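Just below is one structure, and these are the notes that go with it.
Residue numbers (mature numbering (1 follows the signal peptide of the UniProt record, and there is no 0)): -27 to -1, 1 to 136.
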């Protein structure tokens, strides 16, 4: 008769338990955005961001055809919720591309964390689920390569640092 508690069986149980535990943690959190301030992390789900959504505008971008409707959370609102009124935001994409957005951009241009494009949530293959978007069509000087580089799509993390 084979011993039920053989090393292979025990290892299989440990692996199964770890996989189940890992899935449970990820399913419970469902965060799509991590916001870091002074080594503290705040997690936001799509539902959180949808409830916070406060801005909508139409704009042209180098990556869309014609004027496109974007809606989401203004970076200003997110900053205000955390008592931030200066500094720099390092925005990081799923593929680890990153760009820095100075707080002056928030005051001058009011970019958003877009969660919808033309009224629909954005899948990863369509620059989603989160895309930093500037209202490029509202002011002529806004539509430039520097600001284009700050429009990080597939945003997954924002780190704030004081200047």
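In this text, a Cβ means the ideal position worked out from N, Cα and C, and glycines have one as well. Remember, predicted model here, so these are calculated numbers, not experimental data.
About 10 Å separates the Cβ atoms of residue 136 and residue 77, ruling out a contact at the 8 Å cut-off.
Boundaries of the alpha helix (DSSP H) around residue 118: 118 to 122. Listed in chain order, the non-local C-beta contacts of residue 71 below 8 Å within the same chain comprise 63, 64, 65 and 125, local neighbours out to five positions each way being set aside. Judged by DSSP in its simplified three-state form, residue 23 adopts helix.
Out of 120, 20 and 94, the CA that lies nearest to the CA of residue 35 is found in 120. Annotation for residue 33: 39, 40, 41, 109, 110 and 116 place their beta carbon closer than 8 Å to its own, counting only its chain and skipping 5 residues before and after.
By the beta-carbon neighbour count (other beta carbons within 10 angstroms, threshold 16), residue 5 is buried. By the 16-neighbour rule on beta-carbons within 10 angstroms, residue 92 is exposed. Taking 7 Å as the cut-off, the beta carbon of residue 105 is found closer than this to the beta carbon of residue 84.
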